[in-house]
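*Asks:* Residues in the sequence shown are numbered consecutively from 534, following this note's numbering. Each residue gets a CB set at the ideal place from its N, CA and C atoms; glycine is no exception. Every value quoted in this text rests on a predicted model; they were computed, and no experiment measured them.
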Amino acid sequence: MSFFRVKALRRIAAKPYRMSELAAELASDRPYLTLVVDDLEERGLVQRTQHPDDRRSKIVSATPAGLAAAARANAILGTPPPGLLALPAADLAALDRITSALAAHPKDA
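#1: Return the first residue and the last residue of the alpha helix (DSSP H) that T632 is part of.
#2: Where does R581 fall in DSSP's three states?
#3: List the residues that DSSP assigns as beta-bridge partners of R551.
#4: Could you have a look at L618 and say whether DSSP puts it in helix, strand or coil?
#5: Taking one C-beta from the region 600-617 and one from the region 539-548 each time, how about it: are there three or more such pairs within less than 8 Å?
#6: Does the distance from the CB of L573 to the CB of M552 come in under 8 Å?
#7: Can you tell which of E575, V593, M534 has its C-alpha closest to the C-alpha of Y550?
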């Protein structure tokens, strides 16, 4: 599964979204997001339902399988690779300093 699909699934697992809100949240155009959600739906990871107050709008939410897949993705993304943990303390400190500087200026990175 592509990184963008995983990113979309992780957002959807956190809370249901209108498709338009999800597109804005992911900074994606709606046609591409529709293809992504179609794929996630075919895999049984999300479902679309009609918005209760707006018949023209769809709500996308995670299925139990989608919640489990998102939890696995979170665990993988939250676990540093063994090589990173094997770096000397000075290298880890330098990496922390560099990534902190980059995070302080996200639009410049």
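*Replies:* With the structure as the only source:
#1: In the sequence shown, counting from the first residue as 1, residue 632 sits at position 99. Per DSSP, T632 is one residue of the alpha helix (DSSP H) stretching across 622-637.
#2: Taking the first residue of the sequence shown as 1, we reach residue 581 at position 48. It is a strand residue.
#3: As a working mapping, residue 551 is identified with position 18 in the sequence shown. DSSP output for R551 lists I592 as bridge partner(s).
#4: Locating residue 618 in the sequence shown gives position 85, where the first residue counts as 1. Looking at L618 - three-state DSSP - the assignment turns out to be helix.
#5: yes
#6: Translated into positions along the sequence shown, residue 573 becomes position 40. Translated into positions along the sequence shown, residue 552 becomes position 19. Taking 8 Å as the Cβ cut-off, L573 and M552 do not qualify as a contacting pair.
#7: By one-based count along the sequence shown, residue 550 stands at place 17. For the residues E575, V593, M534, the minimum Cα distance to Y550 belongs to V593.
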